[in-house]
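Below: the structure, in structure tokens.
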Amino acid sequence: MRSALLNEVELYTSRAGGPGGQHVNRTESKVELHWHLGESRVLDAAQKALLIKRLGGRLTAGGELILTCQATRSQLKNREIVQQRFLDLVEKSLKPVKKRFATRPSRSSVEKRLKAKKARGEKKRWRNRPPDPGER
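Going by this note's numbering, -7 is the number at position 1 of the sequence shown; the sequence numbering is gapless.
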């Protein structure tokens, strides 16, 4: 599935920004990966719906995922990095979420919390002015 997904992506290169002198002005080392989620033939409808739900904030209005990498001066390394990030992102998003089982705090943790609350309250009580002898 991983290689089939990589066949669906389009890679574009451009000049990377930032400092770098003469070299950065001549080489196109920045790599941009574009993937149209809706047009994928590798994924079924349920997987597409799950990815739309989980990657919704990262998709464009047209349902396209765009990832960029300009970490290194090498276009080849940037291409490998962005492809690996893409595969990891899709794989992580398709993985089912583990159901959380409700648990209760242990008795010792509850006692420790209550003891700390008492100590905090006692410390704050000591900060107050002592009551007048006539008020008691």
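Note that beta-carbon positions come from the ideal geometry of N, C-alpha and C, so glycine has one too.
Selected residue, minimal CA-CA separation from residue i, among the options
| i | options | result |
| --- | --- | --- |
| Gly13 | Asn70, Glu24, Arg65 and Leu(-2) | Arg65 |
| Met(-7) | Thr19, Val23, Pro11 and Ser32 | Ser32 |
| Thr19 | Lys90, Arg46 and Gln62 | Gln62 |
| Ala38 | Lys107, Leu86 and Gly48 | Leu86 |
| Ser6 | Asn(-1), Leu(-3), Leu(-2) and Val16 | Val16 |
| Lys45 | Arg92, Gly10, Pro88 and Leu(-2) | Pro88 |
| Pro97 | Leu106, Asp124 and Gly54 | Leu106 |
C-beta atoms of residue i and residue j nearer than 9 Å
| i | j | result |
| --- | --- | --- |
| Leu59 | Leu43 | no |
| Lys22 | Ala8 | yes |
| Leu68 | Leu57 | no |
Close-in-space but distant-in-sequence residues of the same chain around residue i (CB under 7 Å, 5 per side omitted)
| i | result |
| --- | --- |
| Val1 | Leu25, His26, Trp27 and Phe78 |
| Val(-2) | One detail in the question is off: residue -2 reads as Leu in this sequence, not Val. Answer for Leu(-2): Gln75, listed in chain order. |
| Ile73 | Cys61 and Ala63 |
Assumed close pair residue i, residue j - CB separation to whole angstroms, cut-off 8 Å
| i | j | result |
| --- | --- | --- |
| Val34 | Ala94 | Rounded, the Cβ-Cβ distance is 37 Å, inconsistent with contact. |
| Arg71 | Leu3 | 6 Å |
Own chain partners of residue i with C-beta closer than 8 Å, once the 5 adjacent residues on each side are dropped
| i | result |
| --- | --- |
| Gly10 | Val16 and Gln62 |
| Arg117 | none |
| Thr52 | Ile58 |
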